[in-house]
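What follows is a short report on a single structure.
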């Protein structure tokens, strides 16, 4: 039995939530394969690619995972979504998944947590704001990146309206001005589905107090801010165990995100050999062999999609082709450190490689951490993996990963 089960809608966000629990001393693991061990966990994470699926496919995935969730019998079920809530009725529908979980879990409390200040995300009077590439805070529909997302552009800042369009209707707004009375807030969250503002870390502590008083089975929908709230008053002290080093020191980074932030990180990479993955190279062995030979020689390699080129593939097909490319490179060389940029890309590659689970090793950057992969193949077991969303990380992230990677004990 786990106190919390968190259901990640992509692998990068799920790894960030894993890190949040682990840093607070909670025994936690992110499971990717049904055979992954789950004994003794306070927080059990299940990584999925729900944000890339249409509603019926997402509901089918929930049905597949439900026996494991039910067996864990959590008090809290956390539907972990992107901190920018980018989603749509046709793809990555938060509402469709939430309704399915409500029907199965039958929670006493249903709460959407609308912000994550630690990542520059703020929900004020139900409207979501996010820090942009210019380091200024913008309403999400006016955000230079999220307002123009290629798959799920955020055209509505009011999260009640945004989620209602996906079927999650009737959310009662709890504005940040009403968070100070713990007893009243606890009663309110117990009387129906709510959207709760979060603008400051103090707001999170107030929400934590109210959720503790409310008790019962709780379905909490939000980013890693939910984990920050649940661990805010925790006195757990467990620390991640020291793990054996990977089988190889070779390092490969694959940037499947074509966001402005990841583009800057690729441009700023100086210590890795950069190989652009063109549409032509995606369907031949030439670049695979070049990357494998460089890795065998000990050269750190960064393979990246080209931001301004059309690949002539649907997003799903491009993610699958990228996953096959990375898996083939790793099959032809030894890789001990793997960096993945892009939520959908990371999900497909991690699944394609067949990892059983991920354990947190250490913090690395805001929204990114280093995990240890568990695998039945000794060549892949204990691989250090960095997963990051397209919008996450500082400009020199890839160089920093390359410089710090060989510090495994």
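Numbering (the working numbering), first residue to last: 121 to 529. Here a beta-carbon is modelled for each residue, glycine too, at the ideal position from N, C-alpha and C. Because the structure is a prediction, the values reported are computed rather than measured.
With which residues is residue i paired in a DSSP beta bridge?
i: residue 166; result: 127 and 151
i: residue 196; result: 124 and 338
i: residue 397; result: 425
i: residue 247; result: 244 and 278
i: residue 479; result: 492
i: residue 236; result: 241
i: residue 504; result: 457 and 492
i: residue 349; result: Residue 349 is not bridged to any residue.
i: residue 371; result: 457
Can you name, in chain order, every residue of its own chain whose Cβ lies under 6 Å from the Cβ of residue i, other than the five neighbours on each side?
i: residue 264; result: 252
i: residue 394; result: 422
i: residue 516; result: 388
What is the C-beta distance between residue i and residue j, in whole angstroms, given that I count them as a contact (C-beta under 8 Å)?
i: residue 123; j: residue 187; result: The Cβ separation is near 19 Å, so there is no contact.
i: residue 493; j: residue 468; result: Residue 493 to residue 468, Cβ: 15 Å. No contact.
i: residue 349; j: residue 327; result: 5 Å
i: residue 292; j: residue 246; result: So it is not a contact: roughly 10 Å between Cβ atoms.
i: residue 455; j: residue 370; result: 5 Å
i: residue 137; j: residue 200; result: 5 Å
i: residue 451; j: residue 345; result: Not quite, the Cβ-Cβ distance comes to about 38 Å (not below 8 Å), so this is no contact.
i: residue 294; j: residue 316; result: 5 Å
i: residue 272; j: residue 261; result: The pair is not a contact, with the Cβ atoms about 12 Å apart (cut-off 8 Å).
i: residue 167; j: residue 150; result: 5 Å
i: residue 153; j: residue 464; result: Actually they do not touch by this definition, with Cβ atoms about 19 Å apart.
i: residue 402; j: residue 441; result: 5 Å
Just mark residue i as buried or exposed, buried being the case when its beta carbon has 16 or more other beta carbons within 10 Å.
i: residue 462; result: buried
i: residue 417; result: exposed
i: residue 173; result: buried
i: residue 280; result: buried
i: residue 429; result: exposed
i: residue 483; result: exposed
i: residue 373; result: buried
i: residue 319; result: buried
i: residue 144; result: buried
i: residue 290; result: exposed
i: residue 457; result: buried
i: residue 282; result: buried
i: residue 338; result: buried
i: residue 400; result: exposed
i: residue 169; result: buried
i: residue 324; result: buried
Skipping 5 residues on each side, what residues in its chain have a beta carbon closer than 8 Å to that of residue i?
i: residue 523; result: 391
i: residue 498; result: 367
i: residue 527; result: Confidence in residue 527 is poor, its pLDDT being 45 and thus under 50, which makes the residue's placement unreliable; the coordinate value appears in the next sentence. Closer than 8 Å at Cβ, skipping near neighbours: no residue.
DSSP three-state label for residue i, please.
i: residue 381; result: helix
i: residue 455; result: coil
i: residue 259; result: strand
i: residue 296; result: helix
i: residue 271; result: coil
i: residue 414; result: helix
i: residue 309; result: helix
i: residue 135; result: helix
i: residue 485; result: strand
i: residue 229; result: strand
i: residue 205; result: coil
i: residue 304; result: helix
i: residue 265; result: coil
i: residue 315; result: strand
i: residue 389; result: coil
i: residue 288; result: coil
i: residue 404; result: coil
i: residue 514; result: coil
i: residue 435; result: helix
i: residue 174; result: coil
i: residue 329; result: helix
i: residue 143; result: helix
i: residue 430; result: coil
i: residue 220; result: helix
i: residue 470; result: helix
i: residue 499; result: coil
i: residue 448; result: helix
i: residue 365; result: coil
i: residue 161; result: coil
i: residue 465; result: helix
i: residue 254; result: coil
i: residue 210; result: coil
i: residue 420; result: coil
Can you list, in chain order, the residues of its chain whose CB lies under 7 Å from that of residue i, leaving out five sequence neighbours each side?
i: residue 93; result: Outside the displayed range of the chain (121 to 529) lies residue 93, so it cannot be described from this structure.
i: residue 446; result: 374 and 469
i: residue 443; result: 468, 469 and 472
i: residue 511; result: 265, 379 and 381
i: residue 364; result: 502
Would you say the beta carbon of residue i is closer than 7 Å to some non-hydrogen atom of the ligand PLP?
i: residue 184; result: Ligands in the displayed structure: none, and consequently the ligand PLP is not present.
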